[in-house]
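Below is one structure, written out as structure tokens; the observations come after it.
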Amino acid sequence: MALPAGMTVVTDAGYAKLVASQKGKVVLVNFWATYCVPCRVEMPALVKLQQKYGPKGFVLMTISADEPEDEAKALQFLSTVKVPAPHYVRKTDNEDTFIRAVDAKWSGALPLSLVYDKTGKKAKIMVGEADLPALDALIQKLLM
Amino acid sequence: MLPAASPVTLLEPGGRKHIVSLTNQVTVVVFVSALCPISNEHVDRMIGLYGEFSPRGVGFVFVNSNVNETDAEVREHAVAAGFPFPVYRDVHNRLADRLKASVTPEAFLLDRSGSVRYQGAMDDARNPARVKISHLKEGIEALLSGRPVARPTAKATGCTIKRERKAS
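Here the protein sequences come in this chain order: X and R. Under my numbering, the residue at position 59 of the first sequence is numbered 59, and the numbers go up by one with no gaps. Residues are numbered in my numbering as their position in the second sequence, beginning at 1, plus a constant of 1000.
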């Protein structure tokens, strides 16, 4: 099944490189999926964070954990909610390997939000719906 | 935290307490959700494993530990899914906390001493047509044969278990 135009693949080895490519910025990586209701509920709030802090050096990266047959639906949701591109989707032959590449302690539960500081160091992991006020405060602090 | 070997009190769908022993035999514990699409995509596999291994003496405990799912939802889902087994409610997330379960579906394979020999996904793929490794089935077969479980963990994406908010 062909990847929908507008989606970019992230592999096990590619994840670390993707995060490293944003050194100098504060990064929020959000793992989500179309089947995940809390993921869809919180996405607009994450977009608002991008709008608020993007000009100050913050970047939101969304990575879909959808299966190939749901990628078009994922892209449609991202477009509807106006999530800024690029739109990533994880591709792996071994989901366990991918999950551990993101974080050794992550169980695989969605949604997952990871915040990286300007040096690329992991500053916070939030499993489940993000604590938005805490996230906002952390981003502000890391941008200083 | 209670040791893995201690019995656990769950609630039957009718609300009656049910004390489950985790040490009598090889036991499979599966955390499920009535609302999680990923958990629901594994319904046939859950029924299949139960049908195959329950007659061989493996104990199965299917548990719903989600505080956002009502008893009625859990009961109705079990009927609609055609489960030939009960789905217990995990009061105050006690069993989920003890086993450190965090996602649905998530399977635990316990040996006769109540020690966890496998934790993780039932298979290596969400779509049954793409499954190459049936982690849970392989683990069960290994324990029944007296062999070690080759892969003690295998993670997969799924829905968070919705827990009670604990007082800080």
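C-beta atoms are modelled at their ideal positions from N, C-alpha and C, and glycine is treated no differently. From a predicted model like this one, the values you see are computed outputs, not experimental measurements.
Annotated as proximal: R/Phe1031 and R/Asp1090, with beta-carbon spacing under 9 Å. Taken in chain order, the whole alpha helix (DSSP H) runs of length 4 or more contained in the segment 1120-1160 of chain R are 1135-1144. Contact between the segment 1008-1027 of chain R and the segment 1051-1058 of chain R is present: 3 or more CB-CB pairs across the two stretches fall below 8 Å. A distance below 9 Å separates the beta carbons of R/Pro1037 and X/Tyr35. Not a single C-beta of chain X is nearer than 9 Å to the C-beta of R/Lys1137. X/Glu71 has a beta carbon lying at 9 Å or more from every beta carbon in chain R. With a cutoff of 9 Å on beta-carbon distance, R/Val1063 and R/Leu1109 are scored as not near each other. Of all residues in the segment 4-30 of chain X, none places a beta-carbon less than 9 Å from a beta-carbon of chain R. At a Cβ-Cβ threshold of 9 Å, R/Pro1084 and R/Gly1051 count as neighbours. Counting other Cβ atoms within 10 Å of its Cβ, X/Met7 reaches 16 or more and is therefore classed as buried.
Under the Cβ criterion of 9 Å, R/Asn1024 is not counted among the residues facing chain X. Exclusion of the five residues before and after X/Val81 leaves Met43, Pro44 and Val47 as the residues of its chain whose Cβ lies within less than 7 Å of its Cβ.
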